[in-house]
Amino acid sequence: MGVVGLLAGRYLVSRRRERFIAVIGAIAVAGVALGVMALITTLAVMTGFDHDLQSKIVGANAHLTIQADGPIAEPERLIAQVAQLPNVTAAAPFVQGQGLFSAGARTTGAILRGIDPAREPSVTQLAAALDGGADAGPDGVILGRVLAQSLGVAPGDEVQVVTPASRTPKTLMVTGTFASGMYDYDANLALLRIATAQGLLGMTAGVTGIGVRVRDPLRAAGVQQEVRRRLGYPYWTVTWMDQNRNLFAALKLEKLVMFLILTLIVLVACFMIVATLLMMVVERIHDIGILKALGATGAQIRALFTVVGLAIGGTGTLLGLAGGVGLCEFLRRSQFVKLPPDIYYLDHLPVLLTASDVGVIVAAAVAISWLACLYPASVAARLSPVDALRYE
1434 MGVVGLLAGR YLVSRRRERF IAVIGAIAVA GVALGVMALI TTLAVMTGFD HDLQSKIVGA
1494 NAHLTIQADG PIAEPERLIA QVAQLPNVTA AAPFVQGQGL FSAGARTTGA ILRGIDPARE
1554 PSVTQLAAAL DGGADAGPDG VILGRVLAQS LGVAPGDEVQ VVTPASRTPK TLMVTGTFAS
1614 GMYDYDANLA LLRIATAQGL LGMTAGVTGI GVRVRDPLRA AGVQQEVRRR LGYPYWTVTW
1674 MDQNRNLFAA LKLEKLVMFL ILTLIVLVAC FMIVATLLMM VVERIHDIGI LKALGATGAQ
1734 IRALFTVVGL AIGGTGTLLG LAGGVGLCEF LRRSQFVKLP PDIYYLDHLP VLLTASDVGV
1794 IVAAAVAISW LACLYPASVA ARLSPVDALR YE
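For the sequence shown, the working numbering assigns the number 1434 to the initial residue and increments by one for each residue that follows.
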């Protein structure tokens, strides 16, 4: 292999009459580098988007929600039962329904969510996003920041709320706003005390459901089975993953499709590797004949041109890796790419580079480069030494 490596190194240093081959080889290196860099950057952005979105969803929602076909009449009994499970860290009741908010000439619909100010912060992270405290007061409401802007109100202003169950509008004071980072929540959610929400929604007693926080959000499905066995009928449970299953499935599919599409850039560049090696075989045909006359085997000739091709592909892969990592770090630090939050849920371009993504990209680039070497190397290996020496 030492002789093969030495010869491969000499073949990679072009002679004067092989400048055109060198140019084609450089284009192949640039193509592979561009493809690898595009793959690394794109997958890092998509992974970052997935991670940030998941973090925001997990923070704004209970990991597990317990509900029934109607109001839950004895929430404290269920909370006590659920709290005994080893993987449950907290639970809190909530009341939820829809209402119509108006302030002056502005009117918009929103979701009313009645919470227990003392227990809600242990279940969701919405309290951390509040400008004030988590308690709206008996006649107060905390609005999502976008919702407050659409109504043109600020803390201290009043809004009128009407629901399908209420006959007359109820006046509430805006005691605060929150910004969860999720546009859907900030534009459509209003937080109240449970008793206030019950009055607006016509509920004399009971709650809509119970939010549960677990130790590991990614294992919420396992806790879900434990809760089902513990509570039984008529209660049913849903995890945060169930609520957002279609969204995360779409993101996963989009990431796969983008990987396949951008891999085509590397594939096209590898055709340049094929062209470079074939032209090199033609230019070095006398050398091949001499090597075979001196006893070189077909396997050694095949290995020689495979090493040359892998050197071209490997150089492009390393350059693309360096460029991709550098670009990802620049995007992560600068955050100069801003996104419309009402479309993308986020206000900036998230970047998360993982070792698994980089490993898959590098392995794919090297594998495609190796496949590109097979045909030219086989052509060189099959050459007859007599024909090669006689070739002009």
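Ideal Cβ placement from N, Cα and C applies to all residues, glycine included. Computed from a predicted model, the values in this text were never measured in an experiment.
Sequence-distant residues of the same chain with beta carbon closer than 7 Å to residue i, five excluded per side
i: residue 1760; result: 1470, 1474
i: residue 1460; result: 1705
i: residue 1784; result: 1477, 1478, 1481, 1761, 1764, 1765
i: residue 1430; result: The chain is shown only over 1434 to 1825; residue 1430 falls outside these bounds and no answer can be derived.
Inter-residue CB distance, residue i and residue j (contact presumed, cutoff 8 Å)
i: residue 1638; j: residue 1506; result: 6 Å
i: residue 1499; j: residue 1642; result: 6 Å
i: residue 1703; j: residue 1802; result: 6 Å
i: residue 1580; j: residue 1617; result: With a Cβ gap of about 11 Å, residue 1580 and residue 1617 do not count as contacting.
i: residue 1573; j: residue 1605; result: 6 Å
i: residue 1465; j: residue 1699; result: 6 Å
i: residue 1552; j: residue 1624; result: The pair is not a contact, with the Cβ atoms about 13 Å apart (cut-off 8 Å).
i: residue 1609; j: residue 1588; result: 6 Å
i: residue 1707; j: residue 1805; result: 5 Å
i: residue 1753; j: residue 1467; result: 7 Å
i: residue 1794; j: residue 1472; result: 5 Å
Per DSSP, cross-strand counterpart(s) of residue i
i: residue 1626; result: 1548
i: residue 1782; result: BP columns for residue 1782 are empty, so no partner.
i: residue 1553; result: Per DSSP, none; premise fails for residue 1553.
i: residue 1647; result: 1521
i: residue 1591; result: 1606
i: residue 1526; result: 1643
i: residue 1669; result: 1500
i: residue 1531; result: 1544
i: residue 1510; result: Note: residue 1510 sits in no beta bridge, so no partner.
i: residue 1505; result: 1640
i: residue 1576; result: 1610, 1623
i: residue 1771; result: 1781
i: residue 1536; result: 1539
Under 8 Å between C-beta atoms of residue i and residue j
i: residue 1814; j: residue 1735; result: yes
i: residue 1714; j: residue 1738; result: yes
i: residue 1798; j: residue 1750; result: yes
i: residue 1592; j: residue 1607; result: yes
i: residue 1672; j: residue 1661; result: no
i: residue 1586; j: residue 1536; result: yes
i: residue 1527; j: residue 1578; result: no
i: residue 1745; j: residue 1456; result: no
i: residue 1664; j: residue 1511; result: yes
i: residue 1622; j: residue 1530; result: no
i: residue 1645; j: residue 1495; result: yes
i: residue 1454; j: residue 1712; result: yes
i: residue 1740; j: residue 1786; result: no
Cβ neighbours of residue i in the same chain (closer than 6 Å, five flanking residues each side left out)
i: residue 1808; result: none
i: residue 1492; result: 1558
i: residue 1583; result: 1541
i: residue 1756; result: 1470
i: residue 1571; result: none
i: residue 1659; result: 1518
i: residue 1501; result: 1667, 1668
i: residue 1674; result: none
i: residue 1483; result: 1684
i: residue 1533; result: 1542, 1595
Environment of residue i [buried if 16+ CB atoms lie within 10 Å]
i: residue 1762; result: exposed
i: residue 1649; result: exposed
i: residue 1694; result: exposed
i: residue 1685; result: exposed
i: residue 1651; result: exposed
i: residue 1631; result: buried
i: residue 1556; result: buried
i: residue 1709; result: buried
i: residue 1667; result: exposed
i: residue 1597; result: exposed
i: residue 1647; result: buried
i: residue 1728; result: exposed
i: residue 1697; result: exposed
i: residue 1769; result: exposed
i: residue 1601; result: exposed
i: residue 1513; result: exposed
i: residue 1866; result: Since the first residue of the chain shown is 1434 and the last is 1825, residue 1866 is not available in this structure.
i: residue 1523; result: buried
i: residue 1653; result: buried
i: residue 1458; result: buried
i: residue 1742; result: buried
Sequence-distant residues of the same chain with beta carbon closer than 8 Å to residue i, five excluded per side
i: residue 1504; result: 1636, 1638, 1639, 1640, 1641
i: residue 1747; result: 1799, 1802
i: residue 1590; result: 1536, 1606, 1607
i: residue 1627; result: 1526, 1527, 1528, 1547, 1548, 1549, 1640
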